[in-house]
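For the sequence shown, the residue numbers in my numbering are 7 to 356. Just so you know, even glycine gets a beta-carbon here, dropped at the ideal spot from N, CA and C.
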Amino acid sequence: MSNAHHTHKSFCCILAVVFFFFCHCSSNEASSNDYYDSIPATMKEKVLVVLGPTAVGKTSISIEITKALGGEVVSADSRQVYRGLDIGSGKVTSSEMNGVPHHLIDIANPEEIFSVSDYLHLGRQALSDILTRKKVPVVVGGTGFYIDALLGNISLPNVPADPSLRFQLSGFSLEELNEELEKLDPERIKTIDTKNPVRLIRAIEIARALGATPQSAPEAPYNVLYIGLTLPLTQLQEKIRTRLLARLELGMLDEAIRLHAHGLSWERMESLGLEYRYMARHLQGHISYEEMVAQLELEIRHYAKRQMTWFKRNKDIQWFTPNAVDGFNPEQKKEILALTKNFMSPNYSN
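Here it is, written out as C-alpha cells:
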C-alpha cells in the first residue's frame, strides 16, 4: 500500500477522532479589550516577551533575563502544554529553569485537544497571578498565535462550530483543504500548519463565516516589550539539523514509543505535528528512519519560516541576533538586560 494511501487514511482517522473537539472561542475576551482602549500605556501592567523561531536559542537568554528581573516565565508553546511531550517539543528541563518558576508547561493530557481558548484562559490567569505578586511576567515561546491572543493583539473569532461544513470538509484531501483555505484566506495559509487537517478545517470554517481570520484587535490590555531572536537562514537551518540529531540521540523515538504504549494513538500523534507526526509514520512502518529524519528536518525549516512570517507582522519587536554556536556574547546580554530593566523602570515611556 502506498505512503499516500496511508497518509490519507491517517488524515481521515484524525478528523474522526477530533471532530467534536475543535476549539470554541470566547467572545468575552474580545469585548474586554474595549475597556483598555482608554487606558494610557504607562498605566497598564508591564509584560516582557521573548520570541523567535524554533531552534534560535530562546530558552537560555529568557531564563537569564527573567532571573535578573526576579520574574517568572509564561510558556507560549502549543505542544509544551502537554505532559509527556518532552524531548520532541524541546521542553525546558528542571536544571535549565535554574530556579525560575515556569507556567503553562505540563498542564494538559496529550490525548485531549488543548485549544488557543484554553491557553488564553489559563494564560491570563497566570499573568494576573504573577502581576498580583508584584513579579515580572516573561512570556517565552514560538507560537505566535498564542502570544498574540494572550496579549490582546488579535481577537479570537467567535465562530461557532458548523457540523455540516466539517462533515463536508472531512471528505477533502489535504491538498484540497489547502486550496480551499488559500482561496478564502490567502494570508492565513502562510502561517498555518498546512499538513494539519484539523487546523485547516477550523480556518476554513472561520474564513467562510467572517471572510478571513481576524488579524488585529483593539488596543492590548498590557504594556509589552517584545524581544525577538533571529538568525541568518543558513545558521538557523544548521541549528535545526544539529538539534534534531541531538534529540534523536537523547531518545526522542523512545519517547514516542512510550507515549503510544500509554494510550496516545498514532492518529493523535500525527495531529500533534512535526516530530511526533514523522515519528508516528516511521514507527508504523510508513517511512524509513532516513526518510523520517530528512522529511522532519525539512518540515521544521518550513515551520520556522511560518513562525517568522507571523512575527514580522508585529512592528514593535526589537530584534537581536545571537551567535549561532555560543548564544549571546557579553555585550549583547548587557544591551538586552539594560533594555528590559529600562522598560521595567517607573519612568519608562515608549
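For this session: Reducing DSSP to helix, strand and coil, say where Leu216 ends up.
Result: Reading the sequence shown from its first residue, position 210 is the one you call residue 216. In this structure, Leu216 counts as helix in the three-state DSSP scheme.
Exercise. If you draw a straight line from the C-alpha of Trp325 to the C-alpha of Glu78, how long is it?
Worked result: Translated into the one-based positions of the sequence shown, residue 325 becomes position 319. Translated into the one-based positions of the sequence shown, residue 78 becomes position 72. Taking the straight line from one Cα to the other gives about 22 angstroms.
Exercise. Alpha carbon to alpha carbon, what distance is there between Pro328 and Met314?
Worked result: To locate residue 314, count along the sequence shown from 1; it is residue 308. To locate residue 328, count along the sequence shown from 1; it is residue 322. Computed Cα separation, rounded: 16 angstroms.
Problem set entry | N- and C-terminal bounds of the alpha helix (DSSP H) containing Val299 | Residue mapping note: residue 299 aligns to position 293 of the sequence shown, counting from 1. It spans Tyr295 to Phe317 - the alpha helix (DSSP H) in which Val299 sits, taken as one unbroken run.
Problem set entry | Three-state class that DSSP yields for Tyr284 in the structure shown | In the sequence shown, residue 284 corresponds to position 278, counting from 1. If DSSP states are grouped into helix, strand and coil, Tyr284 belongs with the helices.
Exercise. Is the CB-CB distance between Gly94 and Met258 below 8 angstroms?
Worked result: If you number the sequence shown from 1, residue 94 lands on position 88. If you number the sequence shown from 1, residue 258 lands on position 252. A contact, by the Cβ cut-off of 8 angstroms.
For this session: Quickly, what does DSSP pair Ser81 with across the bridge? List them, please.
Result: The count along the sequence shown starts at 1 and reaches residue 81 at position 75. Looking at the DSSP assignment, Ser81 forms a beta bridge with Val146.
For this session: Taking Ile93 as part of the alpha helix (DSSP H), name the residues at either end of that continuous run.
Result: Against the sequence shown, residue 93 aligns to sequence position 87. Looking at the DSSP string, Ile93 is not in any alpha helix (DSSP H), and its letter there is neither H nor E.
For this session: Indicate whether the contact test is met: 3 or more Cβ pairs, each with one atom in the region 233-249 and one in the region 303-314, closer than 8 angstroms.
Result: yes
Problem set entry | From Leu206, Leu250, Ala344 and Ala167, residue whose alpha carbon lies closest to that of Glu186 | Position 180 of the sequence shown, counted from the first residue, corresponds to residue 186. That would be Leu206, whose Cα lies nearest to the Cα of Glu186.
Exercise. Hey, out of Glu273, Lys196, Pro336 and Glu255, whose CA is closest to Phe151's CA?
Worked result: Here residue 151 corresponds to residue number 145 of the sequence shown, with the count starting at 1. The shortest C-alpha separation from Phe151 is found at Lys196.
For this session: For Val75, I'd like the list of residues in its chain whose CB is within less than 8 angstroms of its CB, leaving aside the five on either flank, ordered along the chain.
Result: As a first step, residue 75 is located in the sequence shown; it is residue number 69 there, counting from the start. A small correction: the amino acid at residue 75 is Leu; Val does not occupy that position in the sequence shown. Excluding residues within five positions, the ones whose Cβ falls inside 8 angstroms are Leu54, Val142, Val144, Thr346, Lys347 and Met350.
Exercise. On the three-state DSSP scale, how would you describe Asn329?
Worked result: What you label residue 329 is simply residue 323 of the sequence shown in a count that begins at 1. DSSP places Asn329 in strand when its eight states are reduced to three.
Problem set entry | Proximity below 8 angstroms, CB of Ala262 to CB of Leu289 | For the purposes of this step, residue 262 is identified with residue 256 of the sequence shown, where counting begins at 1. For the purposes of this step, residue 289 is identified with residue 283 of the sequence shown, where counting begins at 1. It is a contact, given that the beta carbons lie within the stated cut-off.
Exercise. So, Arg214 versus Leu190, is the Cβ gap smaller than 8 angstroms?
Worked result: Position 208 of the sequence shown holds residue 214. Position 184 of the sequence shown holds residue 190. In this structure, Leu190 lies closer than 8 angstroms to Arg214 by Cβ.
For this session: Check whether the Cβ atoms of Tyr282 and Met298 lie closer than 8 angstroms to each other.
Result: Start at 1 with the first residue of the sequence shown, and residue 282 comes out as number 276. Start at 1 with the first residue of the sequence shown, and residue 298 comes out as number 292. Cβ distance not < 8 angstroms, so Tyr282 and Met298 don't count as in contact.
Problem set entry | CB contact flag (Leu231, Ile153, <8 angstroms) | The sequence position of residue 231 within the sequence shown is 225, counting from 1. The sequence position of residue 153 within the sequence shown is 147, counting from 1. Cβ distance not < 8 angstroms, so Leu231 and Ile153 don't count as in contact.
Problem set entry | Nearest-angstrom beta carbon gap, Val146 and Ser84 [assumed within contact, 8 angstroms] | Start at 1 with the first residue of the sequence shown, and residue 84 comes out as number 78. Start at 1 with the first residue of the sequence shown, and residue 146 comes out as number 140. Rounded, the Cβ-Cβ distance is 13 angstroms, inconsistent with contact.
Exercise. Which residues in the same chain have their Cβ closer than 8 angstroms to the Cβ of Asn115, if we skip the five residues on either side of it in sequence?
Worked result: Locating residue 115 in the sequence shown gives position 109, counting from the first residue. Excluding residues within five positions, the ones whose Cβ falls inside 8 angstroms are Tyr88 and Arg89.
Problem set entry | Cβ-based burial, Asp260 [other Cβ within 10 Å; buried from 16] | Translated into the one-based positions of the sequence shown, residue 260 becomes position 254. Its Cβ having fewer than 16 others within 10 Å, Asp260 is exposed.
Problem set entry | Residue environment, Arg264, which counts as buried when at least 16 other CB atoms sit within 10 Å | Here residue 264 corresponds to residue number 258 of the sequence shown, with the count starting at 1. By the 10 Å Cβ count, Arg264 comes out exposed.
Exercise. What first and last residue would you give for the beta strand (DSSP E) that runs through Val122?
Worked result: In the sequence shown, counting from the first residue as 1, residue 122 sits at position 116. From DSSP, Val122 is part of no beta strand (DSSP E) but of the alpha helix (DSSP H) over Val122 to Thr138.
Exercise. Does DSSP put Ala114 in a helix, a strand or coil?
Worked result: Position 108 of the sequence shown, counted from the start, is the residue given in the question as residue 114. Ala114: strand per DSSP, three-state reduction.
For this session: List the DSSP bridge partners of Gln56.
Result: For this step, residue 56 is matched to residue 50 along the sequence shown. Contrary to the premise, residue 56 reads as Val rather than Gln in this sequence. Note: Val56 sits in a beta bridge opposite Val146 and Ile233.
For this session: Tell whether a beta-carbon distance below 8 angstroms holds between Val364 and Ile69.
Result: Past the edges of the chain, shown from 7 to 356, lies residue 364, and the structure says nothing about it.
Exercise. Nearest-angstrom Cα distance between Pro166 and Glu296?
Worked result: Stepping through the sequence shown from its first residue, residue 166 is reached at position 160. Stepping through the sequence shown from its first residue, residue 296 is reached at position 290. In a straight line, the C-alpha of Pro166 is about 42 angstroms away from that of Glu296.
Problem set entry | Three-state secondary structure (DSSP) of Met71 | Reading the sequence shown from its first residue, position 65 is the one you call residue 71. With the sequence shown as reference, residue 71 is identified as Ile, and Met is not the correct amino acid for it. Residue state, collapsed to three classes: helix.
For this session: Could you check which residue in Ile293, Glu303 and Ser271 has the C-alpha nearest to that of Leu250?
Result: Here residue 250 refers to the residue found at position 244 of the sequence shown. Among Ile293, Glu303 and Ser271, the Cα nearest to that of Leu250 is on Glu303.
Exercise. Which runs of the beta strand (DSSP E), 3 residues or longer, sit entirely within the region 163-220?
Worked result: none
For this session: Give the single residue among Leu91, Ile119 and Ser100 whose Cα lies nearest to the Cα of His268.
Result: Working through the sequence shown from its first residue, we reach residue 268 at position 262. Answer by Cα proximity: Leu91.
For this session: Round the Cβ separation of Leu133 and Leu110 to the nearest angstrom and send it over; I've been treating them as touching at under 8 angstroms.
Result: Mapped onto the sequence shown, residue 133 falls at position 127. Mapped onto the sequence shown, residue 110 falls at position 104. About 10 angstroms separates the two Cβ atoms, so there is no contact after all.
Problem set entry | Ile119 - DSSP class collapsed to helix/strand/coil | Counted from its first residue, the sequence shown places residue 119 at position 113. Three-state result, Ile119: coil.
Exercise. Pick from Tyr125, Glu273 and Thr72: whose alpha carbon is nearest that of Glu102?
Worked result: Here residue 102 corresponds to residue number 96 of the sequence shown, with the count starting at 1. Measuring from the Cα of Glu102, the nearest candidate turns out to be Thr72.
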